[in-house]
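Number of protein chains: 4
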Amino acid sequence: MIGTNPFDDDKLHEECGVFGIYNHEESAAHTVLGLHALQHRGQEAAGIVTFDGRNFHSHKSMGHVADNFNSQKVIESLPGMSAIGHVRYSTTGGSAMRNIQPLFADLSSGGFAVAHNGNLTNAWTLRKILVEKGAIFQSTSDSEVMIHLVATSTYTNLVDRVVDALRRIEGAYSVVALSQKKLIGARDPLGVRPLVLGKLSDDTYIFASETCALDIIGAEYIRDVEPGELIVIDADGLTSHHPFPAKKPRPCIFEHVYFSRPDSITNDRSVYEVRKNIGKELAKESTVEADLVIPVPDSGVPAAIGYAQQSGIPFELGIIRNHYVGRTFIEPSDQIRHLGVKLKHNANKAEIEGKSIVLIDDSIVRGTTSIKIVEMMRAAGAKEVHMRIASPPTTNSCFYGVDTPEKDKLLASRMSVEEMAKYIDADSLAFVSIDGLYRAVGETSRDSNSPQYCDACFSGDYPTPLTDEALGEDNKQFSFLTD
Amino acid sequence: MIGTNPFDDDKLHEECGVFGIYNHEESAAHTVLGLHALQHRGQEAAGIVTFDGRNFHSHKSMGHVADNFNSQKVIESLPGMSAIGHVRYSTTGGSAMRNIQPLFADLSSGGFAVAHNGNLTNAWTLRKILVEKGAIFQSTSDSEVMIHLVATSTYTNLVDRVVDALRRIEGAYSVVALSQKKLIGARDPLGVRPLVLGKLSDDTYIFASETCALDIIGAEYIRDVEPGELIVIDADGLTSHHPFPAKKPRPCIFEHVYFSRPDSITNDRSVYEVRKNIGKELAKESTVEADLVIPVPDSGVPAAIGYAQQSGIPFELGIIRNHYVGRTFIEPSDQIRHLGVKLKHNANKAEIEGKSIVLIDDSIVRGTTSIKIVEMMRAAGAKEVHMRIASPPTTNSCFYGVDTPEKDKLLASRMSVEEMAKYIDADSLAFVSIDGLYRAVGETSRDSNSPQYCDACFSGDYPTPLTDEALGEDNKQFSFLTD
Amino acid sequence: MIGTNPFDDDKLHEECGVFGIYNHEESAAHTVLGLHALQHRGQEAAGIVTFDGRNFHSHKSMGHVADNFNSQKVIESLPGMSAIGHVRYSTTGGSAMRNIQPLFADLSSGGFAVAHNGNLTNAWTLRKILVEKGAIFQSTSDSEVMIHLVATSTYTNLVDRVVDALRRIEGAYSVVALSQKKLIGARDPLGVRPLVLGKLSDDTYIFASETCALDIIGAEYIRDVEPGELIVIDADGLTSHHPFPAKKPRPCIFEHVYFSRPDSITNDRSVYEVRKNIGKELAKESTVEADLVIPVPDSGVPAAIGYAQQSGIPFELGIIRNHYVGRTFIEPSDQIRHLGVKLKHNANKAEIEGKSIVLIDDSIVRGTTSIKIVEMMRAAGAKEVHMRIASPPTTNSCFYGVDTPEKDKLLASRMSVEEMAKYIDADSLAFVSIDGLYRAVGETSRDSNSPQYCDACFSGDYPTPLTDEALGEDNKQFSFLTD
Amino acid sequence: MIGTNPFDDDKLHEECGVFGIYNHEESAAHTVLGLHALQHRGQEAAGIVTFDGRNFHSHKSMGHVADNFNSQKVIESLPGMSAIGHVRYSTTGGSAMRNIQPLFADLSSGGFAVAHNGNLTNAWTLRKILVEKGAIFQSTSDSEVMIHLVATSTYTNLVDRVVDALRRIEGAYSVVALSQKKLIGARDPLGVRPLVLGKLSDDTYIFASETCALDIIGAEYIRDVEPGELIVIDADGLTSHHPFPAKKPRPCIFEHVYFSRPDSITNDRSVYEVRKNIGKELAKESTVEADLVIPVPDSGVPAAIGYAQQSGIPFELGIIRNHYVGRTFIEPSDQIRHLGVKLKHNANKAEIEGKSIVLIDDSIVRGTTSIKIVEMMRAAGAKEVHMRIASPPTTNSCFYGVDTPEKDKLLASRMSVEEMAKYIDADSLAFVSIDGLYRAVGETSRDSNSPQYCDACFSGDYPTPLTDEALGEDNKQFSFLTD
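Chains as they are written, first to last, in the numbering used here: chain G, -12 to 470; chain Y, -12 to 470; chain L, -12 to 470; chain A, -12 to 470.
Below is the structure:
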């Protein structure tokens, strides 16, 4: 019902979700379910690779898991006791079939598949070096660098080769990998993107981006994979490695604001509770007299409940969502396009007419949706429209696996809060403060010397080097093959 | 966000929605939008017929409007200033393409298309008579009887022929029809199914099953088509006819409970407000001590808000819905099937653990979903689970255009409330009373001598003869052509 | 290999083929095979109706039999011991799914399906009368008139009703029909279109348009259905009826020239032998000195063999056909379109260079292909190009089930033979004489008082009234529904 | 019309055709046409890569060129002045999309695409070495070895790198390759597979497997690419290289027997003339008294014409082919399967009945078709059936790019000619002698010390080492990824 809004193109988009399972009769069916639970992390395409003890098997498809992995035929084409899977959102690399993960290579040591959530900040730099040595890339995805680094590593042991590869990359990654003998889960030293460990029985382990993927298959949540940790599962059980120098973790705080599902536990906290807390902080920081608190569905609902509970103003559904908006209305006819938000939402006019309302949304990106929602409320007869946002102003692009517009497309990078209020025609507008956000996740405030989270989209404070950004655009070119 | 739950097969299903527009440049595009807003009334198939001043044009498709009517090419294949459209749910007549409405006939007076919401209770009886006279039926739909009655009527004037046809049929119907000159909207004498009149400008009129279809195209809601009224729109404007003997109306009360969208105004009342009222009535009638009020998403939300407001118990989202469940998981692999409700819903465990909860749902049909939801709450650690239902026990089948299981599949026809509570493993179970329901729609109580609504599914009190039911099954056979 | 050229749009096109089988375990599979053998008679769409003793079943599809009826699933969806089938070419009625035959009606006497090869010349006239009585037409096909005439006949016995219907129609028809008890085959009094009777065993009878459909299933060819004969097959065996006044038959002579497959026996003559005979007649009538006889593939091959045998000039393959031209190159890109005939044919340059050649084709319609073929031969270095045509000049349209261009598009209706020779740039051009054609089918000459064949396309002598042609175009309008 | 029979699974199958064009506005459309003309060399899949001066573009598809490359949209997705293309038959590597050529790599020197006809006999051996160095293979095709050898070559100049790669491979190859600056055509030192050079204008060059692909676009045939020659086309025009030690060529003689189209000039000879010559040799070597010479369509036609001309026995079409047999009847229902050859062929009974016939076919592989054809002739009443084959007995597998059954499946490797005659139930059976075949291609006889052609399928005399064959099967394993 809430948490993420799959059909709104004025949102930041998580680019990937990953899942892996070791030692289960129904590894493929469980991976399908796990990916289905992670669908909000990437709706463009999905892929699964299994290993049956002898051969690897793969099925990849554009579109949703529920539409493309639901047949018995597909499940039967994926035999084996181990599997990894991936859902992805389209990235700059393009949307070709060959970019769908898991990526696979036939190494001299045998087959090796990998699925990656995150984004490498030195992928172009490494790719150039690899191509000069004769490597042939299958895709335009940054993730393929990893598999070539593993293939060309001079170590002989597979785990050593993976560690060797990870040491050379910069940026954000939560990775699951499958070889003929091992399932591997690894998280970058800062732990930017989430990854959790679960189990279904004594010797059936699972990796997943979020706990909701454990819930759907009835698996027990054990713990987060730690930042900088590499866990190997094989016939001997689980082994934990910490091959990187220790660093203070900085997980992505936007996972709490919007990306993760509200029923997930991320970085040891209930996402739903954090969002309600943000609503409560907002109510404290930006009080307003009003008749109703109305969430912008569906992602604004928990913060709106928190705001209503804190302020005592009644929570009402003032905007009704149409369940049947699919991918396909993304490219409608011209006649339909101008109707915009109406395809997805309708004002609950009987409630709104003549009322002062507080609208709660999770974030403002370009502002295109906010402008239409306020207009819809006014057309329905709202007396006053006060907008409250459950995150600080989004002013900077993300380079760690989130699809953000360029900086100058972000409304908050171009306007003050007052200008934004006027732009969206709200009677008032307020964002939760950065310290308010940190309080909602249980901190007393942001530690500005050494922030507890990656909050670069709000602060511009990037926790890793941005090596590729320093290259001129010309050095990022390669012979692009479109198909 | 709420109102109807498109993916739950343990619900009653409205079988159709209709839409018509007269005199607009973009009649097809507006009909697409109107049907999209009415999609919750029928998800199996949709069809549109337009008239361009010379020829009629048709496009029909299995599946959702947003998936099959969204291309410029389809819109361009439907030229003309007038259009009617239909969405349908599968019925006993089968799901063949030829059953998709609007139905069309080339009468001696010219082309005539008709779209029907409802169900005729003497269709078989009439069909038999018509076939004996040489009529050839295209479909297995009860609605086709209407068009044959119009075709074979001995009146010369089209409106007279339509009235002649409607006088011979029994049951529930809200109908829109299109000829070369006229757009017609008609509602049966009891007004069982809804139909509203709207306008976009002085001479652009619209008929629709619900007001939400007016909202999406920015049309003004004028009024309900009255029970027993036939409205004709043509170059001379609007003419109202009342060709039937006057009767006390009995609109379907379940439209308020579940079928209509919460943002619609049905029978002059806000559907959302009525549902909140039912929640309040429930809270008064069936008080319980608990920590949280939790809606079964999405249709239970308004009643849960009403219940929380009346009782003072906090409203929380204890069940999180997966947005990405599509039609396709309806036939999953065996491995996936046993997971049932988990594909759609997950417990928000962090909220529920250790709490006493009140679960609010709109109705209980077979009970299959209730049993799983309660189980899910208990697995998430709920201390006590109290179920409250925003309608009286559903004990009888509907013969007026709603897909209901046979009587003996309805849980409430087989068990007492206590037995049901035990069956679904709830600590307590209560339904709103029939008078509580009538209070929620603004009556003081049900008038048992002459009920204000059709409530046959709760009471067994059918307001029309059930002529076909009296036929033996053998007399309902015809040479069924399957394809 | 020869006989008909499926991909040439500069040919006359037979519009239909029919097939019926009574009393066989695999009636659907046999009908699929029969229609496959008749595919050259109609490539646009195909349909089958079966009866399983209780219900009728139907499968219809645009496209080829071999592409759309080849799966076990389709065969299984067509159970029953009796079946009829139809292949069709697109006609003026449009290519909608609902025009695909067999047509079906649920009469008061039970289900009734009909498949029709031919064309009725009073269909519009009858349709108008039927619609005024309240009949609703499903299709825009002339054939639907038949089924309505059966439905509204006042006779009680089915065979009587069919005869009653056939007596009212004019034009050409070979019909197979299926009821719950009977399989019926009927041919119009002139026998314009072919229809043969075969059997697989004592009580398993077959009707088919050509004997090649008997060969493919290993059935024995019994005899032609006679002109004006109606044969009924049921549990009592075969009954022959002659319900019409006797007339001298006039079967279509173009079946021998082009439509029928060369391996068929039509009107008691081998099609291949007749075509060779035409080639021999041509060689006698239009001698020429040349190095090689070259067929325009594939339909010119038998006449070319006859010509070569008679003249002693060697037969060579001077034009090579590409097997892989499919339906899809019918709408190619502009770049490809100008290449025209090259997609299908290539000159066998090594043979042609420096030679005088006699090109043999079956007919000239618009002349568009002839012009390109001659050009191709010259480009390949032919010294002289003499064109010989195995039919008389095609000067008139057909109204009996053959798709012909309008009269003024027919090259021979606009030009003399000399003008045509110049137009296509041939060194000489000759057509077989009308008497030469009659000699090839075994007559001594055409009996001009009472011709033995329908040769209206050559002579303009139409053997039936053309009632609909006398109607103004306005009287042929109806409310056309396009989809 | 003849030359290759696309639908017969009892034939040897050429595995590939290649095409390349340099410097033409419509390079993609011309490549589509060229591949269409080469479709008989590979029907499973097709691919094209173009270069637009900046980016490479690719379109690949399972199925026929005429079905999948015919839309304007596809052509527009392939911009650029240079293009290469490939058609392929399924090989042991499997039929996955990623095996469709041209293969592409982004080398350090820029994009590089390659299309290969032939088969490498040391591909596995090389692959193993490359993987050990860290190469990641995209496909299971032997051709991918080439592109990795180019990528990892230590030469800096692209042509040097290609030569370096070709020097390391063994087996048969005709290759076209495209870089940002150059179009390259190369043929192995023995010239096993054909490759010709053509031009459309002074600076627009074309490479193609056969001359028929030049004819379709109106290009001039210049000459064969010589065995061992590598031709580079770029802005400076054409440069010819001969980087390999000179060897006596041994082109595949089966191209003349069956693979090439009869309208092609292969190894400087008309394929059609050679086939007629074979027929004449057969008539001289294996005289028989008979009434008719009948070709097994379509590939037996030219030899049958030659046989008839030499023997004086009349040529007749005794077997009629159904044009509409598509790919899809390859997997029919069980009911249909037993009908076998009848789906494709029918006896022309009126010709055959009571006659002694000579059947001419191009080769016998497994014998499954021959057995059915003879049976069909007898069922049609043939008095005597004499089979004559236009090639010597096929006794050995091919390792040079032709799909042959394993040796023990070849009828001629298991039986003497007499045994075969009995097996297929022919009154007599004869094959052309190996010297007769050499005479038909213009030699006086086979030079057994140094044969002029590769005739390994008849002689077992393989002209290159079979390195991979020496590996055990275990050494040919890799981690196969199926999808």
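C-beta: ideal position from N, C-alpha, C; glycine also. No experiment lies behind these values; they were computed from the predicted model shown.
Identify, in the order they occur along the chain, each residue of the same chain with its Cβ nearer than 7 Å to the Cβ of Lys271(L), setting aside the five sequence neighbours on each side.
One-based indexing of the third sequence puts residue 271(L) at position 284. Answer for Lys271(L): Gln297, listed in chain order.
Could you name each continuous beta strand (DSSP E) segment of 3 residues or more that falls completely within the stretch 176 to 246 of chain G, going from the start of the chain to the end?
As far as the stretch 176 to 246 of chain G is concerned, its whole beta strand (DSSP E) runs of at least 3 residues are 183 to 188, 191 to 195, 207 to 211, 217 to 221, 224 to 228.
Can you tell me which of the three DSSP states Gly266(A) falls into?
If you number the fourth sequence from 1, residue 266(A) lands on position 279. If DSSP states are grouped into helix, strand and coil, Gly266(A) belongs with the helices.
Using a threshold of 7 Å, state whether the C-beta atoms of Asp151(Y) and Ser140(Y) are closer than that.
The sequence position of residue 151(Y) within the second sequence is 164, counting from 1. The sequence position of residue 140(Y) within the second sequence is 153, counting from 1. Yes, they are a contact pair.
According to the neighbour-count rule (16 or more other Cβ atoms, all chains shown, within 10 Å of its Cβ), is Asn109(A) buried or exposed?
Against the fourth sequence, residue 109(A) aligns to sequence position 122. It counts as buried.
On the premise that Leu453(G) lies in contact with Phe386(G), defined as a C-beta separation below 8 Å, what is that separation, rounded to the nearest angstrom?
Residue 386(G) sits at position 399 when you count from the first residue of the first sequence. Residue 453(G) sits at position 466 when you count from the first residue of the first sequence. The Cβ separation is near 6 Å, so the contact holds.
Taking Leu341(Y) as the query, report the chain L residues whose CB atoms sit under 7 Å from its CB, ordered along the chain.
Position 354 of the second sequence, counting from 1, holds the residue named residue 341(Y). The sequence given here has Gly at residue 341(Y), not Leu. None at all; the shortest Cβ gap to chain L is about 53 Å.
The beta strand (DSSP E) that contains His51(G), what's its start and end?
Taking the first residue of the first sequence as 1, we reach residue 51(G) at position 64. First-last for His51(G): undefined, no H or E at that position.
Using 7 Å as the limit for Cβ to Cβ distance, is Ala138(Y) near chain L?
Along the second sequence, read from residue 1 onward, the residue named residue 138(Y) stands at position 151. Cβ-Cβ to chain L under 7 Å: yes for Ala138(Y).
Please report the Cβ distance between Ile123(L) and Ile421(Y), rounded to the nearest whole angstrom; I am assuming they are in contact, meaning their Cβ atoms lie under 8 Å.
The count along the third sequence starts at 1 and reaches residue 123(L) at position 136. The count along the second sequence starts at 1 and reaches residue 421(Y) at position 434. The pair is not a contact, with the Cβ atoms about 44 Å apart (cut-off 8 Å).
Establish whether the CB of Ser542(G) and some CB of chain A are separated by less than 7 Å.
Because chain G in this structure spans residues -12 to 470, residue 542(G) falls outside the shown range and cannot be described.
Starting from the beta carbon of Pro249(L), find every residue of chain A whose beta carbon is closer than 8 Å, and list them in chain order.
On the third sequence, position 262 is the one that residue 249(L) refers to. Per Cβ cutoff of 8 Å: Leu304, Ile307, Asn335.
The beta strand (DSSP E) with Glu371(G) in it runs from where to where?
The residue labelled residue 371(G) in the question sits at position 384 within the first sequence. 371 to 376 is the extent of the beta strand (DSSP E) around Glu371(G).
For Lys331(A), is the classification buried or exposed, using 16 other Cβ atoms within 10 angstroms of its Cβ as the cut-off for buried?
One-based indexing of the fourth sequence puts residue 331(A) at position 344. Buried is the call here.
To the nearest angstrom, report how far apart His23(A) and Val118(G) are at their CA atoms.
Locating residue 23(A) in the fourth sequence gives position 36, where the first residue counts as 1. Locating residue 118(G) in the first sequence gives position 131, where the first residue counts as 1. Approximately 35 Å, taken between the alpha carbons.
Between which two residues does the beta strand (DSSP E) carrying Pro380(A) extend?
One-based indexing of the fourth sequence puts residue 380(A) at position 393. Segment: none, Pro380(A) is in no beta strand (DSSP E) and carries neither H nor E.
Rounding to the nearest angstrom, what Cα-Cα distance links Thr191(G) and Asp455(A) in this structure?
For the purposes of this step, residue 191(G) is taken as the residue at position 204 of the first sequence. For the purposes of this step, residue 455(A) is taken as the residue at position 468 of the fourth sequence. Answer to the nearest angstrom: the Cα atoms are 41 Å apart.
Lys329(G) versus chain Y: which residues are under 7 Å apart at the beta carbon?
As a first step, residue 329(G) must be located in the first sequence, where it is residue number 342. Near Lys329(G) (Cβ distances below 7 Å), the residues of chain Y are Ile203.
Does the CB of Val118(G) have a neighbour CB from chain A at under 7 Å?
Translated into positions along the first sequence, residue 118(G) becomes position 131. Closer than 7 Å: yes.
If you draw a straight line from the alpha carbon of Lys409(Y) to that of Asn383(Y), how long is it in whole angstroms?
As a position in the second sequence, residue 409(Y) is number 422, starting the count at 1. As a position in the second sequence, residue 383(Y) is number 396, starting the count at 1. Near 22 Å, if we compare the C-alpha coordinates of Asn383(Y) and Lys409(Y).
Checking contacts by CB at 7 Å: is Ile156(L) closer than that to chain Y?
The residue given as residue 156(L) occupies position 169 in the third sequence. Judged by the 7 Å Cβ criterion, Ile156(L) is not in contact with chain Y.
Short of 8 Å in beta carbon distance, which residues of its chain neighbour Glu207(L), apart from the five on each side in sequence? Order them along the chain.
Along the third sequence, read from residue 1 onward, the residue named residue 207(L) stands at position 220. Cβ neighbours of Glu207(L) beyond the five flanking positions: Gly185, Lys186, Leu187, Leu201.
Alpha carbon to alpha carbon, how far is His521(A) from Arg114(A)?
Only positions -12 to 470 of chain A appear in the structure, and residue 521(A) is not among them; the question remains open.
What does Ile134(A) reach in chain G if we use C-beta pairs closer than 9 Å?
The residue you call residue 134(A) lines up with position 147 of the fourth sequence. Those are Ile123, listed as they occur along chain G.
With a threshold of 16 other CB atoms inside 10 Å of the CB of Asp348(Y), please say whether the residue is buried or exposed.
For the purposes of this step, residue 348(Y) is identified with residue 361 of the second sequence, where counting begins at 1. Looking at its Cβ environment, which holds 16 or more other Cβ atoms inside 10 Å, Asp348(Y) is buried.
Can you tell which of Lys169(G), Glu406(G), Cys239(G) has the C-alpha that lies nearest to the C-alpha of Thr226(G)?
The residue labelled residue 226(G) in the question sits at position 239 within the first sequence. Closest by alpha carbon: Lys169(G).
Check Gly172(L) in the structure and name its three-state DSSP category.
Within the third sequence, numbered from 1, the residue matching residue 172(L) stands at position 185. In this structure, Gly172(L) counts as strand in the three-state DSSP scheme.
Looking only at its own chain, which residues have a Cβ that is under 6 Å from the Cβ of Ile265(Y), when we skip the five neighbours before and after it?
Here the question's residue 265(Y) lines up with position 278 in the second sequence. If we look at Ile265(Y) and ignore the five residues flanking it on each side, its Cβ neighbours are Ala290, Ala377, Val419, Ala427.
Assign His17(A) to one of three DSSP states: helix, strand, or coil.
In the fourth sequence, counting from the first residue as 1, residue 17(A) sits at position 30. Helix, per DSSP.
Is Glu456(A) close to chain L? Criterion is C-beta to C-beta, closer than 7 Å.
The residue you call residue 456(A) lines up with position 469 of the fourth sequence. Answer no: the Cβ-Cβ gap between Glu456(A) and chain L never drops below 7 Å.
What is the DSSP secondary structure of Arg433(Y), counted as helix, strand or coil?
Stepping through the second sequence from its first residue, residue 433(Y) is reached at position 446. In the structure shown, Arg433(Y) sits in coil (DSSP, three-state: anything other than H, G, I, E or B).
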